[in-house]
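Counting the sequence shown from 1 gives a position; the numbering used here is that position plus 12.
All C-beta atoms in this analysis are idealised placements derived from N, C-alpha and C, irrespective of residue type, glycine included.
All figures in this text were calculated on a predicted structure; none of them were measured in a lab.
Inspection log for the structure reproduced underneath, given as C-alpha cells.
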Amino acid sequence: MSGQLKIALVQTHLLWENPQANRDAFSEKIDSITEEIDLIVLPEMFSTGFTMSPENIEAKESEETLEWMQQQAKKKNTAIVGSMVFAENAKNFNRLFFVYPNGEYKSYDKKHTFTLAGEDKVYKAGNKKLIIEYKGYKICPLVCYDLRFPVWARNVEDYDVLIYVANWPKPRIAAWDTLLKARAIENMSYCIGVNRIGLDGLGYEYSGHSAAYDVLGHQIAYSEKEEILYAILDKDHIHSTRNKLKFLEDRDQFNLL
Numbered sequence: 013m014s015g016q017l018k019i020a021l022v023q024t025h026l027l028w029e030n031p032q033a034n035r036d037a038f039s040e041k042i043d044s045i046t047e048e049i050d051l052i053v054l055p056e057m058f059s060t061g062f063t064m065s066p067e068n069i070e071a072k073e074s075e076e077t078l079e080w081m082q083q084q085a086k087k088k089n090t091a092i093v094g095s096m097v098f099a100e101n102a103k104n105f106n107r108l109f110f111v112y113p114n115g116e117y118k119s120y121d122k123k124h125t126f127t128l129a130g131e132d133k134v135y136k137a138g139n140k141k142l143i144i145e146y147k148g149y150k151i152c153p154l155v156c157y158d159l160r161f162p163v164w165a166r167n168v169e170d171y172d173v174l175i176y177v178a179n180w181p182k183p184r185i186a187a188w189d190t191l192l193k194a195r196a197i198e199n200m201s202y203c204i205g206v207n208r209i210g211l212d213g214l215g216y217e218y219s220g221h222s223a224a225y226d227v228l229g230h231q232i233a234y235s236e237k238e239e240i241l242y243a244i245l246d247k248d249h250i251h252s253t254r255n256k257l258k259f260l261e262d263r264d265q266f267n268l269l
C-alpha cells in the first residue's frame, strides 16, 4: 500500500566471532520471510557479536559480509540494515551499512563508542550522521550506545524513522526500553530498535526487547524471544500527527561542533 513501509526486525542469537556461521544462520532466517518486506533490520555486529577483539576477525570478512548483505537485498528485493566489524586502512570500525534492493549502499560509523567495554580503544568513532531516503521515507540509522545521547539523534533533518541496531545487555534493558520510547516521542518519528538475545562469548546475557514505536510513543511491535517481528509504518500517521501537534516547530536550534 502506498505510504506504508513494512519492516522485519530480526531478533536472534549471534555466534561468537564466527562470520560465516552467522551469515548462514541469517540467510535461513531471511529465507523464511515469505511476505513482501521493504526493510530488514539486523542487530549490531550481527556477523560476530559485540567483540572487542577485531584482530580475531579476518579482514576479508568485512567485504564478504557486505557482499552477503548485497546478495540478500537483491534476492529478497528489499533493503537491509545492520552493523559489522569493518576493517579499512589498518583501522577497525563498528560500521553500519544500509543496503538498497539494487545492492547500492550507504554507511555510518558508530559515533558513540562504548567506553565501558573499551570500544573506543579498538574501533574508530564516526562523526557524521546519515540520513537515508528510501521509498518516500527519511531514515536515520544509529548504533546501540548512540541511544543514550539525544542531542546526536535530535530530529533537525525532519526524518521519519529512527533505527537503532544493538547488542544491549540484559542488566540495563530498562534503559533500552525507556530511551527507545523517548526518542520516538521527542523526535516525533517512528523509532525501531533491534537487539540480540542469548549469551555472548564473554558471558554477557542479552534479552532482546526489540521494538517499534510510533510517533506518539505507542508500541507497535515487541518481543523477548528469538523471532522475526514485523512493523508497518504509515506516512499518514507521521503527517497527521505533526500537523496536529506542531511540537517540532518549537525545538531548540543548535549546531554540533
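Self-check item: Ala194 to Ile185 span [Cα, whole Å]
Solution: Each residue's alpha carbon lies about 14 Å from the other.
Self-check item: Euclidean distance between Cα positions of Glu283 and Ile45
Solution: The displayed coordinates of the chain run from 13 to 269. Any statement about residue 283 would go beyond what the structure contains.
Quiz item: With contact counted as at least three CB pairs below 8 Å, one residue from each stretch, are the stretch 45–63 and the stretch 187–203 in contact?
Solution: Taking a cut-off of 8 Å for Cβ pairs, the stretch 45–63 and the stretch 187–203 do not touch, as fewer than three such pairs fall below it.
Practice problem: Give the straight-line distance between the Cα atoms of Val53 and Ala243, rounded to the nearest whole angstrom. | Solution: 11 Å
Quiz item: What are the boundary residues of the alpha helix (DSSP H) that Pro109 is part of?
Solution: Contrary to the premise, residue 109 reads as Phe rather than Pro in this sequence. Phe109 -> not in any alpha helix (DSSP H); beta strand (DSSP E) instead, spanning Lys103 to Val111.
Exercise. For Leu128, count neighbouring C-beta atoms within 10 Å of its own C-beta (all shown protein chains included) and say buried if the count is 16 or more, exposed if not.
Key: exposed
Self-check item: Alpha carbon of Leu268 to alpha carbon of Val163, nearest angstrom
Solution: C-alpha separation (whole angstroms): 9 Å.
Quiz prompt | Distance between beta carbons of Ala165 and Asp158, contact taken as under 8 Å | solution = Taking C-beta atoms under 8 Å as the contact rule, Asp158 and Ala165 qualify, at a distance of about 7 Å.
Self-check item: With 16 other Cβ atoms within 10 Å as the buried cut-off, status of Gln84
Solution: buried
Quiz item: Taking the Cβ atom as the reference point for each residue, do Gly220 and Lys237 lie within a distance shorter than 8 Å?
Solution: Yes, the Cβ-Cβ distance between Gly220 and Lys237 is below 8 Å.
Quiz item: What's the C-alpha gap between Tyr135 and Gln265?
Solution: 31 Å
Quiz item: Touch check for the stretch 243–260 and the stretch 54–65: three-plus C-beta pairs under 8 Å?
Solution: no
Quiz prompt | CA-to-CA distance, Cys152 to Phe109, given in whole angstroms | solution = 12 Å
Quiz prompt | Stretch-stretch touch, CB-based, cutoff 8 Å, three pairs: the stretch 112–126 with the stretch 135–150 | solution = yes
Quiz item: Of all the options Tyr112, Ala102, Gly229 and Thr63, which has the alpha carbon lying nearest to the alpha carbon of Gln82?
Solution: Tyr112
Quiz item: What did DSSP end up calling Met57 once you bin it into helix, strand or coil?
Solution: coil
Exercise. Entirely within the stretch 109–136 and at least 3 residues each: give me those beta strand (DSSP E) ranges in chain order.
Key: 117–121
Self-check item: First and last residue of the uninterrupted alpha helix (DSSP H) at Met81
Solution: Lys72 to Lys88
Quiz item: When every heavy atom of the ligand SAH is checked, does at least one fall within less than 7 Å of the C-beta of Ala186?
Solution: Absence of the ligand SAH is noted for the structure shown, with no ligands found whatsoever.
Quiz prompt | One or two residues paired with Leu228 in a DSSP bridge | solution = DSSP output for Leu228 lists no bridge partner at all.
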